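*Asks:* Encoded as structure tokens, here's the structure I'll be asking about.
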Amino acid sequence: MKIDGVHYRTIWVGEDGRSVHVIDQTKLPFAFETVELTSMDDAARAIRNMIVRGAPLIGATAAYGICLAMREDASDAALERAVETLAATRPTAVNLRWALDEMSTALGKRQRDERVAVAYSRAAELCDEDVATCRAIGEQGLKLIRRHAERKGGDRVNVLTHCNAGWLATVDWGTALAPIYMAHDEGLDVHVWVDETRPRNQGAALTAFELGGHDVPHTIIADNAGGHLMQLGEVDLCIVGTDRTAANGDVANKIGTYLKALAARDTGVPFYVALPGSTIDWSIESGFEIPIEERHSEEVTRLNGRTASGEVVSVDISAPGSAAANPAFDVTPARLVSGLITERGICEASHHGLISLYPEALDREGRKR
Ligand code: MRU
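Residue numbers (this note's numbering): 632 to 1000.
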């Protein structure tokens, strides 16, 4: 997508053919800066410190982390070490494990002197696949928005989203936001309610930045406002992303997603989750097996912002000495999800629904692989 008229992906290889470049998402929306990653440790740090974030982009960064590791040492032991280090950076998004498995498979049987070239080529493929996948998710989700627009006789369609599942969370396009960009591009009147998404404010800082950059009408709301707007009929549908989808269709996404799904169910607002196949964890039967990341309490007790003089500062916002807890994700049970928007189509949030789109997850005897 574009920033000031220039097309960017969120991750790319530098002109030297070695270094990896990412957008520093901790600086947005106040400054656009890029960061150069030249070692596997740089890549691990970028994921851990949320310079990059969002399930698909975390996976892509880990893939390039393997490339950088192979440049230093292409032995089996170094590959194993790099996989272990990168896998430990963040626990909830399963795309991380998926991308590392893809890289390990590509490199496993290769000679040491081939590994650097193979790694860069596989990482580039994974990124290109992510772009194609997100575009396909967009096309699938667009059908839903079109249907709402038709039903409303061309009146504005209001979509509520939580956190950031736009192009900044992927390599390009995004998952939940891809259908919205496409609807806007084809001239549908679409407006987005953007949950601010405390504590790190990925909605107010990143989703709003993205939508503004693409001229999509949007309004930032406090996280607690969504249910009220749904009761007033101001939300036609919700679309969110997911960091991990269990085989039964339960989804883990940014903390607060569950409450939006509950409010949507109570008010009859359809609640959709957009995801690439790489976000499905076939090894778990229930979302409640997904590890939920517990982040630093200071993300709750302090806030970053820009002062009137333009300085970006961090300030305390809570009673000094009070403890704070910071679970970063929650699980929305499949029963609250109206449908899963994938690159292969839209399905029911259930094992049956997922298998109808991803039959390769079963072996010939119909058992889970
Ligand atoms: O903690 P973050 O910012 O990495 O969390 C991101 C989200 O929860 C997104 O909604 C999710 O990764 C889906 S992304 C396309």
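From the three backbone atoms N, C-alpha and C, an ideal C-beta is built for every residue, glycine too.
These figures come from a predicted structure and were not determined experimentally.
(1) With 16 as the cutoff for other CB atoms within 10 Å, does residue 938 come out buried or exposed?
(2) Could you compute how far the alpha carbon of residue 974 sits from the alpha carbon of residue 854?
(3) So residue 796 and residue 872 are supposed to be a Cβ contact under 8 Å. How far apart are they, rounded?
(4) Buried or exposed: residue 960, going by 16 or more other Cβ atoms within 10 Å of its Cβ?
(5) Can you tell me whether DSSP reads residue 840 as helix, strand or coil?
(6) Decide if residue 648 is buried, meaning its Cβ has at least 16 other Cβ atoms within 10 Å, or exposed.
(7) Let me check you understand the geometry: is the CB of residue 1002 closer than 7 Å to at least one non-hydrogen atom of ligand 1?
(8) Does residue 941 come within less than 8 Å of chain B when only Cβ atoms are used?
(9) For residue 651 versus residue 674, is the C-beta spacing smaller than 8 Å?
(10) Quick test of the definition: if touching needs 3 or more C-beta pairs under 8 Å, does the segment 925–943 touch the segment 900–913?
(11) I need the DSSP call for residue 936, collapsed to helix, strand or coil.
(12) Count the other CB atoms, across all protein chains shown, that sit within 10 Å of the CB of residue 793; report buried if there are 16 or more and exposed otherwise.
(13) Under the three-state reduction of DSSP, which class applies to residue 669: helix, strand or coil?
(14) Measuring only from the beta carbon, is residue 769 closer than 7 Å to any heavy atom that is part of ligand 1?
(15) Can you tell me which of 711, 902, 931 puts its alpha carbon nearest to the alpha carbon of residue 735?
(16) Using only the heavy atoms of ligand 1, determine whether one of them is closer than 7 Å to the beta carbon of residue 846.
(17) For residue 833, is the beta carbon positioned less than 7 Å from some heavy atom of ligand 1?
(18) Measuring from the CB of residue 935, is there a heavy atom of ligand 1 at a distance below 7 Å?
(19) Is residue 809 closer than 8 Å to residue 825 when the C-beta atoms are compared?
(20) Which ranges does the beta strand (DSSP E) cover as unbroken runs of at least 3 residues, wholly within the segment 798–883, from first to last along the chain?
(21) For residue 868, count the other beta carbons within 10 Å of its own beta carbon; 16 or more makes it buried, fewer makes it exposed. Which is it?
(22) Starting from residue 726 and walking both ways along the alpha helix (DSSP H), at which residues does that stretch end?
(23) Report yes or no: do three or more beta-carbon pairs, one from the segment 801–815 and one from the segment 682–700, lie closer than 8 Å?
(24) Might you give, ordered along the chain, the residues of its own chain that have their beta carbon closer than 6 Å to the beta carbon of residue 773, omitting 5 neighbours on each side?
(25) Does the beta-carbon distance from residue 668 to residue 699 come in below 8 Å?
(26) Between the alpha carbons of residue 779 and residue 941, how many angstroms are there, rounded?
(27) Could you tell me if the beta carbon of residue 692 falls within a distance shorter than 7 Å of some heavy atom in ligand 1?
(28) Out of 828, 683, 874, 818, which has the shortest C-alpha to C-alpha gap to residue 847?
(29) Checking 8 Å against the spacing of the C-beta atoms, do residue 970 and residue 988 come in under that value?
(30) Could you check if residue 902 is buried or exposed, using at least 16 other CB atoms within 10 Å of its CB as the buried criterion?
*Replies:* In short:
(1) Residue 938 comes out exposed.
(2) Taking the straight line from one Cα to the other gives about 28 Å.
(3) Rounded, the Cβ-Cβ distance is 3 Å, consistent with contact.
(4) With 16 or more Cβ atoms within 10 Å of its Cβ, residue 960 is classed as buried.
(5) DSSP places residue 840 within a helical segment (H, G or I) once states are collapsed to three.
(6) Its Cβ having fewer than 16 others within 10 Å, residue 648 is exposed.
(7) Outside the displayed span of the chain (632 to 1000) sits residue 1002, for which this structure offers no information.
(8) Among the chains in the structure shown there is no chain B, since it carries only a single protein chain.
(9) Residue 651 is a Cβ neighbour of residue 674, given a cutoff of 8 Å.
(10) At 8 Å Cβ cutoff, the stretches do not touch.
(11) Note: residue 936 maps to strand in three-state DSSP.
(12) Buried, because 16 or more other Cβ atoms sit within 10 Å of the Cβ of residue 793.
(13) It is coil, neither helix nor strand.
(14) No, Cβ of residue 769 sits at least 7 Å from all heavy atoms of ligand 1.
(15) The shortest C-alpha separation from residue 735 is found at 711.
(16) Result no, Cβ not under 7 Å from ligand 1.
(17) True, at least one ligand heavy atom lies under 7 Å from that Cβ.
(18) Every heavy atom of ligand 1 is 7 Å or more from the Cβ of residue 935, so no.
(19) Taking 8 Å as the Cβ cut-off, residue 825 and residue 809 do not qualify as a contacting pair.
(20) The segment 798–883 contains these whole beta strand (DSSP E) runs: 821–826, 849–852, 868–871, 875–877.
(21) Only buried fits residue 868, as 16 or more other CB atoms lie within 10 angstroms of its CB.
(22) For residue 726, the enclosing alpha helix (DSSP H) stretches over residues 726–739.
(23) Touching, yes.
(24) For residue 773, the CB contacts under 6 Å within the same chain, skipping 5 residues up- and downstream, are 810, 813, 814 in chain order.
(25) Yes, the Cβ-Cβ distance between residue 668 and residue 699 is below 8 Å.
(26) Taking the CA atoms as reference points, residue 779 sits about 41 Å from residue 941.
(27) Distance from the C-beta of residue 692 to the nearest heavy atom of ligand 1 is not below 7 Å.
(28) The residue with the shortest Cα to Cα distance from residue 847 is 818.
(29) Residue 988 sits away from residue 970, with the two beta carbons spaced by 8 Å or more.
(30) Looking at its Cβ environment, which holds 16 or more other Cβ atoms inside 10 Å, residue 902 is buried.
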